[in-house]
Amino acid sequence: MGKKRKVPLWKLLTDLSPEQIIDTLDFSYIENVLTKEEALGLIKKNEADKDDRKAILQQGYPGYDTSVGWFNYSDEQVKENVQQAVAEGFNAIKLKVGSNDPGRDISRSQMVRKAAGDQIKIMLDANQQWTLPQALKICRELQSMDPYWIEEPTHPDDVLAHKVLAEAIAPTPLALGEHVPNRIMFKNYLQSNCAGFIQVDALRVGGVSEFITVSLMCRKFWIPVVPHVGDMGQLHQHLVLFNHIVLGHDALFLEHIPHLKKHFIHPAQIVDGKYKTPEVAGSSCDLYF
């Protein structure tokens, strides 16, 4: 639709009326927390200062560097990557944890905190590697380095385990949703009050419309949406602009993964740690073949 109208996806979405947006969404199975009428009201409520939030189009949407601390990097490489990310304007970075040696995770997280300084947000991503008993023990130890969030600490289907863990390590928040495939499970996460950040990925759920449905639920619950970018940020750079401008979500930051840029015809552009607003018609997802 964006290509037919010769506009980028973010503009297509932000120019739609509240009624047009709602008509693209499926509220089945989530009506007990968000009805169609409530969702329409949420969008209309945020219309008054919608134009003010369009300033993000010139400012650029903040990104965070998710690539500083892969497991195969040596400690020296991780430190160099941290310093480079900060020099490039990122004020938030992410480190992989969940190795076979919890002591390594703890020492590397402390090393990254020291290299980055106290002003940089550092997120820790366990990629579902811990059982609940393991997560309870290790997350308490990781709290000493002041993580901004701890991501995917255990199996993504186990909503109640996340609730137990979230209560045990409060106020350190959990970031959840990279592998959650539908709006119903996101509803359960929100109902259980265990998610400090929701990482819905439009490539994992039913595309753009279901992404918006989840974002609307999060807006009702006042939970930030920081998408996982299975698309390398190509599509989601549009969706976070919609979230901020139309739904009133905070422009927190968006994950940045640079490794596959050469395969996209119009790769996402990061300058001084911020995504430049895409101007080409469509969703920026066209690939070279």
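Residue numbers (this note's numbering): 1463 to 1751. We put the CB at the ideal spot given by N, CA and C, even for glycine.
*Please report the residue range of the alpha helix (DSSP H) in which serine 1571 lies.*
Start at 1 with the first residue of the sequence shown, and residue 1571 comes out as number 109. Run containing serine 1571: 1564 to 1578, per the alpha helix (DSSP H) assignment.
*asked:* In chain order, what are the residue ranges of uninterrupted alpha helix (DSSP H) at least 4 long that sit wholly in the segment 1650 to 1683?
replied: Those alpha helix (DSSP H) runs which fall completely within the segment 1650 to 1683 and span 4+ residues are 1669 to 1683.
*Leaving out five residues before and five after threonine 1593 in sequence, what residues of the same chain have Cβ atoms less than 8 Å from its Cβ?*
Translated into the one-based positions of the sequence shown, residue 1593 becomes position 131. The answer, listed in chain order, is Thr1616.
*Could you pull the start and end residues of the alpha helix (DSSP H) that aspartate 1514 belongs to?*
Sequence index remark: in the sequence shown, residue 1514 carries index 52 (1-based). Boundaries of the alpha helix (DSSP H) harbouring aspartate 1514: 1512 to 1515, taken from the DSSP string.
*Nearest-angstrom Cα separation, counted from glycine 1710 out to proline 1480*: Counted from its first residue, the sequence shown places residue 1480 at position 18. Counted from its first residue, the sequence shown places residue 1710 at position 248. When rounded, the distance between both Cα atoms is 13 Å.
*Any contact of the segment 1737 to 1748 with the segment 1677 to 1688, i.e. 3+ C-beta pairs under 8 Å?*
No: the two stretches stay apart, fewer than three of their Cβ pairs being nearer than 8 Å.
*In angstroms with no decimal places, state the Cα-to-Cα distance between methionine 1607 and tyrosine 1523.*
By one-based count along the sequence shown, residue 1607 stands at place 145. By one-based count along the sequence shown, residue 1523 stands at place 61. Answer to the nearest angstrom: the Cα atoms are 27 Å apart.
*glutamate 1614 beta carbon less than 8 Å from that of alanine 1588*: Here residue 1588 refers to the residue found at position 126 of the sequence shown. Here residue 1614 refers to the residue found at position 152 of the sequence shown. Yes; because the gap between Cβ atoms is below 8 Å, this pair is in contact.
*Exposed or buried, methionine 1679, counting other C-beta atoms within 10 Å across all chains shown (16 or more means buried)?*
Position 217 of the sequence shown, counted from the start, is the residue given in the question as residue 1679. It counts as buried.
_Environment of leucine 1586 [buried if 16+ CB atoms lie within 10 Å]_ = If you number the sequence shown from 1, residue 1586 lands on position 124. Around the beta carbon of leucine 1586, 16 or more other beta carbons lie within 10 angstroms, which makes this residue buried.
*asked:* Does methionine 1463 come out as helix, strand or coil in the three-state DSSP assignment?
replied: As a first step, residue 1463 must be located in the sequence shown, where it is residue number 1. In the three-state reduction of the DSSP assignment, methionine 1463 falls in the coil class, being assigned neither a helical nor a strand state.
*asked:* Could you give the first and the last residue of the continuous beta strand (DSSP E) run that contains leucine 1557?
replied: Looking up residue 1557 in the sequence shown gives position 95. Membership of leucine 1557 in the beta strand (DSSP E) is indicated by the continuous run 1554 to 1558.
*If I'm right that isoleucine 1492 touches isoleucine 1646 with Cβ under 8 Å, what's the distance once you round it to whole angstroms?*
Looking up residue 1492 in the sequence shown gives position 30. Looking up residue 1646 in the sequence shown gives position 184. About 7 Å; that satisfies the 8 Å criterion.
*According to DSSP, which residues form a beta bridge with phenylalanine 1726?*
Within the sequence shown, the letter at position 264 stands for residue 1726. According to DSSP, which records beta bridges pairwise, phenylalanine 1726 is partnered with Leu1749.
_Element boundaries [alpha helix (DSSP H), containing tryptophan 1472]_ = Start at 1 with the first residue of the sequence shown, and residue 1472 comes out as number 10. Segment 1471 to 1477, the alpha helix (DSSP H) holding tryptophan 1472.
*Within its chain, find whatever has a CB closer than 7 Å to the CB of phenylalanine 1683; leave out the 5 residues flanking it on each side and keep chain order.*
The residue you call residue 1683 lines up with position 221 of the sequence shown. Correct list, in chain order: Leu1652.
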